[in-house]
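Chains as they are written, first to last, in this note's numbering: chain A, 903 to 1545; chain B, -2 to 733. C-beta atoms are modelled at their ideal positions from N, C-alpha and C, and glycine is treated no differently. Treat the numbers as computed from the prediction; the structure is a model and nothing was measured.
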């Protein structure tokens, strides 16, 4: 602030057209007598009201820094501080340049500080001034909301309690603003949401008040906003998803908001909120899917701008055009939520008129929001085996999907690659064309991403791709990924990535020729990695997967020797045969079984070696096991010795 | 050995439910699939029903007929849900009807539980039951729920609506005027054997609700409290709640309001009230109330004048201090001509027209041809004077027409509030009662032979109306008690001048509007059928038949002449063909074209003539009232014009009604104000009663003579008032 004060005389000298009277007002602010200063401020107030020229003059003469200084001085009387705030507010009422000048002098923190004063009049003056400044389009909003956790700041300052009682105000406007406040406060904020459930006003809990505001004769705005509050509370876990206020009130209300009778804005908001509400709950998805023909209703979202509006009414066309993107992305989002879990719902969605065409078109729309929502929708529907085989193939959705994956932002990549995972399942007819269009390279690059979700999806898709694939594809994957990257992934901190990488290895190491081929080229590294994992601190699933890889290796003709010559590994297998976890025992047994199988060359030597290691004794023990799987397996293995 | 490889199937990213698709399923038209499964044991456990869900009905099997407490609860809930319904006149459904069901249906637990007791072999074994009463229109929005206690063998259950008389050996939805939602496939059936994919399937434990919106005539269903969306549109009126079952073991329980509903129907009702009220609030209206009042009075007055209610119009003009555009004599002339046409004396009507309005028919050759054709038909009927003069004895009855030109009741299409003449007491006819008989019969029944006995008591109706206003239930007995008082002198005079020549073989004057109205009230269907059997061509007179044939030739010539002058006219050709076809049958009244002989067919001819006369006098050929009503047909422009309006206006402060009252003649107003006009659906009846018993004897008497018409008129006024939102300018001032 001090620097501002110093600047003032400099500016003065530059300006020649400043009137003497303006200068007089500013001079008086520097008087030593506080009483005179106060009178000077009051006079200034009267002089600037409605006089833009005067305002501009005062600003260039450097009145603002001085006023702010007076406003912040603890020694200033409250009256003086209040008058200063009033004058500043008056200055803010002028041109946009005025507001800019005020912002340049850091007026916001000064005024916010003023809100802490005990004097109501002063607070009011500060608030008025703040309001004027924030209404102006030149003021950036983040000046007030500096962090993502301003919800928490407001919350910590008791916003909930203070706003709650406004919900029962007699004025509709007040009720509505309070409700809006809550919808913003609670949005994706579990802390606020959890608190709201237990707040009561006049003996009524907030959820009850919100439900009352959902009544069908209430204004649409009110219904929609209270539905948003309840949705946030539900998603935060503050209200159960099977609570009647969600199932019988919030959900139907949101479905109504999607109806043709509502305004386009309301329909967008309704669909988005509903999508959020039902996103993770299959029962809510089922209910929504049967409510008021929602799935059919949503198809209408794609009909803007309608052909009629184009001809008849320019205004309407403009309106429709403006909302067309929003409508489409909202519909895609809601379809995505609806079809997230239930196969019947997916089928219903795809049977909606031109649905697949709409998704395909959506994937190549200019609006990234629509593209993203379309991918989400596609992803949700791609969970259906039947659809993968039919409509997905008929509409060649893989083409636009591959296109979306090029140079897309991460958010889009995550969903798109996730969809690709499903399209690469072995029964998906899209698998071949996707491979041909260079998917391997793309997916391999994803595994190197900083983004965890992308790494998981990349390796996952490769795993799916490798399942029952031909030799060439497997080689391509290995080459594309490079051994270093493969081992990098095996040491990834995320267990999901590790699991999928092991899965990829396992899928690569299937069918004897493939096993032998891969082990002949990468045998050493793979055996190393396997040893490392079996020795490391990993969960059961990881170890099981690793043992399964060993079992696959043991199934190879030449690859077997890599195990048989590695005593360390053999000891580990032996160890897991007697492990407390039956799954690991079983997996270890697969290895043994493959190693001692009779008909194969050199089986006798292997059997002997393993007997010497004491494996047979363990097998005998296991053949007495209470676990029928283990028992059967052990008996079959023992039979190999008898033959 | 391959086991390890077999386990590598880790590929599928998301588990997907493998359930077989449930829908859509097609079905042959008008056919129900054959059962394919053996009967399953039926679960009757009551405890299961009582589990969670507010909609559960009676707790167990032990529950018999509902006790007085439950009955009270039911009444309380019904009153709250349907405040506009007068349950004395139009009772609400409270249970299934033991009389109106197929015999494969069994009822228990106070006729609320329905079970199937047939063989259930195929669709021919389907069985339905209707509720005791139809859904009163004054409900506005009606709702009931059905809980599936057991789906039985195949769960072929249908829940819906049907009109009275629809075959009960069927599931709801398969036939005309029948609508249903079926559990096995979730399809909706709209008067058709083939269903449309509509909603989910339903089965044991589900609660299915059915909501009828009588304002826009749609219906939607709910499942376990979730609205499934519109199932049917353009529903007719007077539908009964209906359920149908088809296989053994199927059991359902109804909830007509005995229990709280699972679906929040009251919320839905609130939405509709708010919707209408905001429409009304938004309706732009001028500030000066007087304008509306004048417009309204003009509407009523012009209606009365148009139809020739001369004395009523005069009385109305007197009390409202307005003037009538048309001259008295002109009105009377028109009335006279109309009466002639409606009495079937078309020849005389043509003569009178030519005499009173020279040139009119010459300028309207189409109208003339229409009249002549009608004249020919009336000759066959034996009513036209040209053949009647030959008649040795009067044909007994078929020719008479209920005197007053009661065109008004026909304008509103076959909607519910246009009915109930005939045997019904007029006070019951607030439009909510079910019509007991077919419209064409009950509306204008022909006179019975017995009518002559009471014919001397023509002025009786004044008293009748008195009794009507005080106690509607007594009105049936009016004829016995109403043999005094003066009648409207004007009407008597009119009657003297224009006796309806049908009944009188003697010269006694016995006919006037009033009298005839009486007759209508007394006729019933049996007497009409009696009379039908005695009809003969041209009254059975040979000379008359000759005259008719000659007239037919003239008519043929006229047709040819018109054809030469104006070109071919298919309408004329058809008209002529139909008329001549009557002669091809030995009993023209019971032949495929016999409908022409129905007196009701005189109405369009009469209306056309009346309009032509008015047009020639530079008066509107349609009264504004009728134009407004005509919009009713086009729902788009005036969607809510029926008595369901009362429901929607429910809860409006009575202040809003004052404007309506202001537009009424003073005595009427006073009467109405004494009641809370929107207290029940008898609002309109209140007007009538008030009008009838007012001090204005003229007004009174005339009103009585056209009681039915006036009754309907007032109903319509009420609706129009509502439609033009005339009721509610006060809302604006209240807002401020």
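Residues of the stretch 222 to 244 of chain B that bring their beta carbon within less than 7 Å of a beta carbon in chain A comprise 222, 223, 224, 225, 226, in sequence order. In this structure, DSSP gives residue 1448 of chain A a helical state, which the three-state scheme calls helix.
Using a 10 angstroms sphere on the CB of residue 1228 of chain A, the tally of other CB atoms reaches 16 or more, which defines it as buried. Near chain B, meaning a CB-to-CB distance below 8 Å, no residue of the stretch 1513 to 1539 of chain A qualifies. Rounded to whole angstroms, the separation of the alpha carbons of residue 197 of chain B and residue 1080 of chain A is 39 Å. Annotation: residue 1164 of chain A has no Cβ neighbours in chain B at a cutoff of 8 Å; minimum Cβ distance is about 13 Å.
Residue-level contact check: residue 265 of chain B touches chain A, since one or more beta carbons of chain A fall below 8 Å from its beta carbon. Between residue 576 of chain B and residue 593 of chain B, the CB-CB gap stays under 8 Å. Residue pairing of residue 104 of chain B in beta bridges, as defined by DSSP: B:111. Within the model, the alpha-carbon separation for residue 1091 of chain A versus residue 1056 of chain A is close to 12 Å. The stretch 123 to 136 of chain B makes contact with the stretch 93 to 102 of chain B: 3 or more CB pairs, one atom from each, lie closer than 8 Å. Interface annotation, residue 268 of chain B: in contact with chain A, CB-CB separation under 8 Å. As a beta-bridge residue in DSSP terms, residue 159 of chain B pairs with B:175, B:237. Interface criterion not met: the Cβ of residue 182 of chain B is under 8 Å from no Cβ in chain A.
Going by C-alpha positions, residue 235 of chain B is about 15 Å away from residue 84 of chain B. For residue 543 of chain B, the uninterrupted alpha helix (DSSP H) run begins and ends at 539 to 563, by DSSP.
Annotated three-state conformation of residue 93 of chain B is strand, per DSSP.
A distance below 6 Å between beta-carbons, with the five flanking residues on each side excluded, links residue 1304 of chain A to the following residues of its chain, in chain order: 1339.
Just measuring C-alpha positions, the residue of A:1477, A:1401, A:1455 sitting nearest residue 1440 of chain A is A:1401.
The residue from A:1165, A:1137, A:1104 with its alpha-carbon nearest to that of residue 1121 of chain A is A:1165.
When the five nearest sequence neighbours on each side are left out, the beta carbons in the same chain lying within less than 6 Å of the beta carbon of residue 1206 of chain A are those of 1222, 1226, 1229, in order along the chain. Proximity of residue 257 of chain B to chain A, defined by a Cβ-Cβ separation below 8 Å, is not satisfied. Between residue 110 of chain B and residue 205 of chain B, the C-beta spacing is not below 8 Å. In this structure, the CA atom of residue 1393 of chain A is about 11 Å from the CA atom of residue 1404 of chain A. DSSP lists B:138, B:215 as the beta-bridge partner residues of residue 210 of chain B.
For residue 1154 of chain A, the chain B residues whose Cβ falls inside 7 Å of its Cβ are 223, 224, in order along the chain. With the rule of 3 Cβ pairs closer than 8 Å, the stretch 159 to 173 of chain B does not count as touching the stretch 256 to 265 of chain B.
Put simply, of A:1266, A:1327, A:1296, A:1309 the residue whose alpha carbon is nearest the alpha carbon of residue 1285 of chain A is A:1327. If you compare the alpha carbons of A:1086, A:1503, A:1032, A:979 with that of residue 1175 of chain A, the shortest gap goes to A:1086. Rounded to the nearest angstrom, the gap between the Cα atoms of residue 1336 of chain A and residue 1430 of chain A is 33 Å. Contact of residue 1117 of chain A with chain B is assigned, a C-beta pair being separated by under 8 Å.
Against chain A, a Cβ distance below 8 Å from residue 220 of chain B picks out 1192. In chain order, 1192 make up the part of chain A whose C-beta sits under 7 Å from the C-beta of residue 196 of chain B. In this structure residue 1345 of chain A touches residue 1364 of chain A by the C-beta definition: roughly 5 Å separates them, less than 8 Å.
For a Cβ distance threshold of 8 Å, residue set 223 of chain B lies close to residue 1189 of chain A, ordered along the chain. Between the alpha carbons of residue 1530 of chain A and residue 1183 of chain A lies a gap of roughly 37 Å.
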